[in-house]
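J.: Numbering (the numbering used here), first residue to last: 3 to 92.
Cβ atoms here follow ideal geometry from the backbone N, Cα and C, with glycine treated the same way.
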Amino acid sequence: LYYLPEFAGSSSLGSAYLGAAWAVTDAFEVSTYYGTYEVDAADNEEEWEFGATYYVGEETTFDLRWYDGTDYVDGYLGLTLNWDTTLLGG
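1. Apply the 10 Å Cβ neighbour rule to Trp85 and answer buried if 16 or more other Cβ atoms are within range, or exposed otherwise.
2. Judging by CA-CA distance, which residue of Gly80, Ser17, Phe64 is the nearest neighbour of Asp45?
3. Please classify Trp50 as buried or exposed, where buried requires at least 16 other C-beta atoms within 10 Å of its C-beta.
4. So the candidates are Leu83, Tyr78, Tyr69, Asp42; which of them puts its Cα closest to the Cα of Thr62?
5. Could you name each continuous beta strand (DSSP E) segment of 3 residues or more that falls completely within the segment 25 to 89, going from the start of the chain to the end?
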């Protein structure tokens, strides 16, 4: 859960996000997120996503996710490879 109220010096009137994740196994997780935000002199915008993460090991994951929202022309599918470089000192 995330909430950011209006703050000075920004065109944002506020935003809120809610997410949930469930570990199906030690190596597989499904998750979903929903967010809404208000921008000065514009309509409210909403975003949502859902997907799955596969943990190859402690340092590597594959994430397949569907993204969509009110400001998107069409939703899109994203595939991400994450690799933790801590072992390399980064």
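T.: Quick look at the numbers:
1. Walking along the sequence shown from the start, residue 85 turns up at place 83. Exposed.
2. Against the sequence shown, residue 45 aligns to sequence position 43. Residue Ser17 is the option with its Cα nearest to Asp45.
3. What you label residue 50 is simply residue 48 of the sequence shown in a count that begins at 1. Under this definition Trp50 is a buried residue.
4. Counting from one through the sequence shown, the residue named residue 62 turns up at place 60. Its Cα nearest to that of Thr62, the residue Leu83 stands out among Leu83, Tyr78, Tyr69, Asp42.
5. Runs found: 30 to 41, 47 to 57, 62 to 71, 78 to 85.
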